[in-house]
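Residue numbers (the working numbering): 5 to 267. Here's the structure we're looking at; comments come further down.
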Amino acid sequence: MPDPILSPDARCAPVPGRGFLRVTGPDREKFLQGLVTQDMGRVIRDGIGYGAMLTPQGKLLADFLLVAEPEAVLIDVAEDLAEDLARRLVMFKLRSKAAVERVEGVVTRGIGPRPEGALADPRDPALGWRLYGVALEQGAPVDWEALRIAALVPETGAELVPGDSFVLELGFERLNGVDFRKGCYVGQEVTARMHHKTTLRRQLMVLSVAEPVPVGTPVLMEDGREAGVLYTQAGGRGLALMRVDRAEGALTVGGQPVTVVPE
Numbered sequence: 005m006p007d008p009i010l011s012p013d014a015r016c017a018p019v020p021g022r023g024f025l026r027v028t029g030p031d032r033e034k035f036l037q038g039l040v041t042q043d044m045g046r047v048i049r050d051g052i053g054y055g056a057m058l059t060p061q062g063k064l065l066a067d068f069l070l071v072a073e074p075e076a077v078l079i080d081v082a083e084d085l086a087e088d089l090a091r092r093l094v095m096f097k098l099r100s101k102a103a104v105e106r107v108e109g110v111v112t113r114g115i116g117p118r119p120e121g122a123l124a125d126p127r128d129p130a131l132g133w134r135l136y137g138v139a140l141e142q143g144a145p146v147d148w149e150a151l152r153i154a155a156l157v158p159e160t161g162a163e164l165v166p167g168d169s170f171v172l173e174l175g176f177e178r179l180n181g182v183d184f185r186k187g188c189y190v191g192q193e194v195t196a197r198m199h200h201k202t203t204l205r206r207q208l209m210v211l212s213v214a215e216p217v218p219v220g221t222p223v224l225m226e227d228g229r230e231a232g233v234l235y236t237q238a239g240g241r242g243l244a245l246m247r248v249d250r251a252e253g254a255l256t257v258g259g260q261p262v263t264v265v266p267e
């Protein structure tokens with residue numbers, strides 16, 4: 005098949021560092037429904053969904069995009085998490101009529117008019133579209149880090165830490181990454197309890213940062229107590245996971261003053 009025709013206004017390039025799993029078999033949707041934070045009915049309806057697999061304690065194992073195919077579900081995940089995710093899925097398979105395999109793949113992401121076959125990124129409109137199975141490149145490079153920061157979208161390897169992160173603190177509800185009506189899945193009980201709390205203890209916030217500092221640098225209050233941790237930075241702003249009760253007043257990171265940017 006020929007490559008989709010791109011609008012002259014579209015800017016796009018292949019996404020580096022992604023791995024792909026394909027789940028097949030007649031029980032594939034039911035199988036995944038009991039494991040991931042996203043409702044598989046929504047994935048089938050919309051063609052794509054964002055979700056995660058959690059530990060029984062509600063902590064992140066991996067986040068990924070779920071893509072509906074005619075006879076399968078494609079899982080688009082960070083390359084360095086793909087093998088472990090495949091192993092965990094197989095471990096839960098038991099007697100389900102489903103199969104999990106690593107597959108070769110490619111995905112192009114872009115902004116501007118969507119070409120035929122492309123799917124809107126379900127996390128935030130600012131992240132544009134994703135086109136699976138074809139590598140296309142056009143236009144000036146997009147500053148995806150700046151777009152992520154502005155939209156408060158975390159990423160594995162930066163803000164999202166497997167084995168440590170609680171997904172609600174990282175904004176998964178706002179990013180359409182968790183469904184509270186779908187029923188049970190691994191880690192659901194802890195996630196539901198956090199959802200019903202009045203205020204989360206920590207939240208992802210945007211900070212103004214004059215000069216870049218190493219990822220993971222603590223954000224300090226005036227009295228030296230840690231208020232949060234700064235991660236991805238671009239264009240004078242950065243994503244930080246902040247203690248809600250300490251995100252006011254004079255804050256510094258790496259010795260320079262920083263401020264929380266209002267949403």
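Think of the CB as a built atom: it goes at the ideal place given N, C-alpha and C, for glycine as much as any other residue.
{"query": "Stretch-stretch touch, CB-based, cutoff 8 Å, three pairs: the stretch 93-112 with the stretch 30-38", "result": "yes"}
{"query": "Complete runs of the beta strand (DSSP E) confined to the stretch 66-145 [at least 3 residues]", "result": "76-82, 103-107, 111-115 and 133-136"}
{"query": "Own chain residues within Cβ distance below 7 Å of G132, not counting five before or after", "result": "R113, G114, I115 and D125"}
{"query": "Whether E173 touches L224 by CB criterion (7 Å)", "result": "no"}
{"query": "Counted within 10 angstroms of its Cβ, other Cβ atoms place M209 as buried (16 or more) or exposed", "result": "buried"}
{"query": "Proximity below 7 Å, CB of R206 to CB of A231", "result": "no"}
{"query": "Alpha carbon of D43 to alpha carbon of L93, nearest angstrom", "result": "17 Å"}
{"query": "The stretch 174-181 / the stretch 129-146 touching (three or more Cβ pairs under 8 Å)", "result": "no"}
{"query": "R251 (DSSP reduced to helix, strand or coil)", "result": "Note that residue 251 corresponds to Ala in the displayed sequence, not to Arg. A251: coil per DSSP, three-state reduction."}
{"query": "Integer Cβ distance of G253 from V233, believed to fall under 8 Å", "result": "Not quite, the Cβ-Cβ distance comes to about 17 Å (not below 8 Å), so this is no contact."}
{"query": "Start and end residues, beta strand (DSSP E) containing V233", "result": "E230 to A238"}
{"query": "Nearest to Y189 (by Cα), restricted to the options T41, D80 and A150", "result": "T41"}
{"query": "Local Cβ density within 10 Å of R229, reported as buried at 16 or more and exposed below that", "result": "exposed"}
{"query": "Buried or exposed by the 16-neighbour rule on C-beta atoms within 10 Å, applied to D80", "result": "buried"}
{"query": "Under 7 Å between C-beta atoms of D84 and L164", "result": "no"}
{"query": "V265 - DSSP class collapsed to helix/strand/coil", "result": "coil"}
{"query": "Between the CA atoms of Q192 and T256 - distance to the nearest angstrom", "result": "36 Å"}
{"query": "Simplified DSSP assignment, three categories, for V40", "result": "strand"}
{"query": "Exposed unless 16 or more other CB atoms sit within 10 angstroms - verdict on G137", "result": "exposed"}
{"query": "Beta carbon of A130 nearer than 7 Å to that of G239", "result": "no"}
{"query": "Own chain partners of Y235 with C-beta closer than 6 Å, once the 5 adjacent residues on each side are dropped", "result": "A162, E163, V219 and L243"}
{"query": "V157 versus N180 - alpha carbon distance", "result": "11 Å"}
{"query": "Collapsed DSSP secondary structure at T203 in the structure displayed", "result": "coil"}
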